[in-house]
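Heads up: the sequence shown begins at 1 in UniProt numbering, then just goes up one per residue.
Let me begin by presenting the structure, written as structure tokens, before commenting on it.
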Amino acid sequence: MRKKFEWIKAVRRIYPPFYTSLIFSGYRTPAIWKSFLDFPYVLTDLMEIDAYWFYPSYHIKEFAQKIALRLFADKNFFQHIKKESLQREQTLRKSVSKGLGVFFAAYSNYMPTLGVFFICDDLIEGKVRELLLKCASAEHVEELMKYLTTPLYNNFNAQEQLDLCRTRDIAAHIKKYQWLHARYGYVEKYTPAKVKKTQRVLLEKGFIQQYTKEQRAIAHAVKEARVLLGTRAAYLIEVMRFFIYYRTQRTDIMALVSFEVKLQLEHLAHERGISYDDLLYCTLKEVRQRLPSSVVIAERKKQLTFVGDARGCHILIDEKHHAMVKRFLKSAATVNELKGKIAYEGLVRGFARVIIDFDELDKVKKGEVLITNMTTPNMVPAMRKTVAFVTNEGGITCHAAIMARELKKPCIIGTKIATQVIKTGDMVEVDAVHGVVKIIKRG
1 MRKKFEWIKA VRRIYPPFYT SLIFSGYRTP AIWKSFLDFP YVLTDLMEID
51 AYWFYPSYHI KEFAQKIALR LFADKNFFQH IKKESLQREQ TLRKSVSKGL
101 GVFFAAYSNY MPTLGVFFIC DDLIEGKVRE LLLKCASAEH VEELMKYLTT
151 PLYNNFNAQE QLDLCRTRDI AAHIKKYQWL HARYGYVEKY TPAKVKKTQR
201 VLLEKGFIQQ YTKEQRAIAH AVKEARVLLG TRAAYLIEVM RFFIYYRTQR
251 TDIMALVSFE VKLQLEHLAH ERGISYDDLL YCTLKEVRQR LPSSVVIAER
301 KKQLTFVGDA RGCHILIDEK HHAMVKRFLK SAATVNELKG KIAYEGLVRG
351 FARVIIDFDE LDKVKKGEVL ITNMTTPNMV PAMRKTVAFV TNEGGITCHA
401 AIMARELKKP CIIGTKIATQ VIKTGDMVEV DAVHGVVKII KRG
């Protein structure tokens with residue numbers, strides 16, 4: 001029997017209950033974890049309240065520490081996790097064409113990647129930094145880390161930008177990358193006008209030349225860091241950079257397959273006599289066995305709490321949901337200063353633009369400071385307009401940190417409550433030298 005634990009608010013993700021039930025199915029299956037980790041583990045507790053995901057402390061703390069220590073001590077353990085992640089990714093992508101039953105199983109089997117790659121950021125970065133500081137000055141280590149904290153491989157967003165700079169076939173480009181503008185089963189139109197505008201901006205800024213120069217600098221930093229760390233520890237550079245790559249890659253893959261399987265799910269919804277949108281607010285078990293009433297589904301669309309435990313998954317609405325909100329989502333106190341982690345240095349002031357939902361992205365204006373829970377690839381065009389980014393979540397592996405380094409814009413991540421205390425129109429100062437965000441004047 002597992003000992004008592006505390007709930008830790010980890011991330012905000014707008015996954016509809018259908019996909020959340022698939023995620024939890026993978027989390028609570030010991031065999032899925034055993035083959036991924038090569039040692040026993042199971043995650044039988046999960047909670048999502050109004051899109052805020054809570055994980056148990058045994059996962060966020062104890063399990064993360066165990067994973068990190070194994071990574072630091074055993075290169076083969078890292079290679080095993082890397083191999084499993086990439087193999088399960090390919091299996092999931094291929095499953096889309098093999099029927100929904102195969103897809104559901106492959107999706108759940110992929111879930112250890114969702115549960116592992118966001119919990120070790122600080123531990124991995126801290127270890128690499130600690131080892132480098134033993135053989136180089138603090139100033140030099142910081143310079144190296146700017147280049148070392150980059151993805152091991154190109155994520156889809158970077159590859160799309162490279163392809164866009166080279167293509168003349170806009171229609172083919174849209175067909176290939178439309179899915180990048182889909183998340184959690186919801187699709188945002190990727191129009192020729194948007195693509196051409198982005199292409200023009202990239203070409204004007206010399207994106208390919210900047211990318212090539214950056215890759216040379218990264219290769220030089222990696223080579224130097226490997227020499228400094230020596231033979232026994234040099235592989236930790238690859239560990240850190242793969243974790244940075246795969247934190248974004250895993251959610252991109254989930255977005256890709258949810259986009260590709262949408263027609264099959266629409267057909268399933270039709271067979272069950274409900275709309276696709278309604279299906280997303282049911283669990284997989286409900287779709288297979290007994291659907292909730294239209295009244296219950298309508299209430300879930302307003303607000304809900306998803307609870308996963310050893311017995312399965314449960315969705316709370318109405319009074320039960322409000323009780324969970326009151327207990328776990330405490331309103332932020334009135335504050336005028338926030339602290340976070342520096343993803344890219346700089347000091348700027350600007351009017352805040354708070355983005356909670358994707359349909360608000362078109363409101364972002366040039367020169368504003370983007371305030372959001374986290375960033376995703378479909379937000380990049382809006383991010384280019386802003387002078388800085390501030391997020392609730394994040395570590396060195398997060399999308400915002402990667403894009404801040406690429407775009408060279410001040411960025412502070414991991415503030416936890418930025419979207420709760422800052423309002424659109426507030427004048428804010430982003431001090432990404434000291435890791436502080438100040439509200440200068442309320443809008």
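Quick reminder that beta carbons are idealized off the backbone N, C-alpha and C, glycines included.
Should residue i and residue j be called a contact, given that it needs their Cβ atoms to be closer than 9 Å?
i, j, result
"threonine 334", "valine 354", "no"
"isoleucine 342", "alanine 432", "yes"
"leucine 114", "phenylalanine 103", "no"
"threonine 439", "valine 421", "Sequence inspection shows isoleucine at residue 439; the threonine mentioned does not correspond to that position. Closer than 9 Å, so yes."
"alanine 388", "glycine 394", "no"
"leucine 123", "alanine 68", "yes"
"arginine 241", "isoleucine 208", "no"
"leucine 131", "glutamate 160", "no"
"lysine 134", "leucine 236", "no"
"valine 390", "leucine 370", "yes"
"tyrosine 281", "lysine 301", "yes"
"serine 35", "serine 108", "no"
"leucine 268", "serine 21", "no"
When DSSP builds the beta bridges, which residues end up paired with residue i?
i, result
"proline 151", "Note: proline 151 sits in no beta bridge, so no partner."
"leucine 316", "Thr305"
"tryptophan 33", "None, per the DSSP bridge assignment."
"aspartate 431", "Leu347, Val436"
"residue 465", "There is no way to answer for residue 465, as the model of the chain reaches only from 1 to 443."
"isoleucine 412", "Ile342, Val390"
So what does DSSP say about residue i, is it helix, strand or coil?
i, result
"isoleucine 297", "helix"
"aspartate 426", "coil"
"glycine 350", "strand"
"cysteine 120", "coil"
"glycine 340", "coil"
"phenylalanine 389", "strand"
"methionine 374", "coil"
"glutamate 48", "strand"
"threonine 305", "strand"
"alanine 158", "helix"
"phenylalanine 259", "helix"
"valine 369", "strand"
"valine 11", "strand"
"valine 380", "helix"
"proline 56", "strand"
"isoleucine 355", "strand"
"lysine 205", "coil"
"glutamine 289", "coil"
"leucine 100", "helix"
"isoleucine 402", "helix"
"serine 25", "helix"
"isoleucine 417", "coil"
"aspartate 163", "helix"
"methionine 1", "Residue confidence is low: methionine 1 scores 48 on pLDDT, short of 50, so the model does not pin down where it sits. Its coordinate-derived value is still stated next. Methionine 1 falls in the coil class under three-state DSSP."
"serine 95", "helix"
"glycine 395", "coil"
"phenylalanine 72", "helix"
"leucine 407", "helix"
For residue i, count neighbouring Cβ atoms within 10 angstroms of its own Cβ and tell me buried if that reaches 16, exposed if not.
i, result
"glycine 340", "buried"
"asparagine 157", "buried"
"tyrosine 153", "exposed"
"proline 192", "exposed"
"methionine 1", "Any reading at methionine 1 needs caution, since the residue's pLDDT is 48, under 50, leaving its predicted position unreliable; the model's value is listed next. Burial call: exposed."
"alanine 172", "exposed"
"serine 95", "buried"
"glycine 308", "buried"
"leucine 279", "buried"
"histidine 321", "buried"
"valine 295", "exposed"
"alanine 298", "exposed"
"isoleucine 356", "exposed"
"glutamine 90", "exposed"
"phenylalanine 243", "buried"
"arginine 200", "exposed"
"threonine 415", "buried"
Could you check how far apart the C-beta atoms of residue i and residue j are, in whole angstroms? I think they sit under 8 Å.
i, j, result
"leucine 43", "histidine 59", "6 Å"
"isoleucine 412", "valine 380", "With 8 Å as the limit, isoleucine 412 and valine 380 do not qualify as a contact, their Cβ atoms being about 18 Å apart."
"lysine 423", "alanine 352", "7 Å"
"methionine 247", "phenylalanine 63", "The residue you asked about is not methionine; residue 247 is arginine in the sequence shown. Their Cβ separation, rounded to whole angstroms, is 16 Å, which puts arginine 247 and phenylalanine 63 out of contact at 8 Å."
"leucine 329", "isoleucine 49", "6 Å"
"proline 17", "leucine 304", "7 Å"
"phenylalanine 54", "alanine 10", "7 Å"
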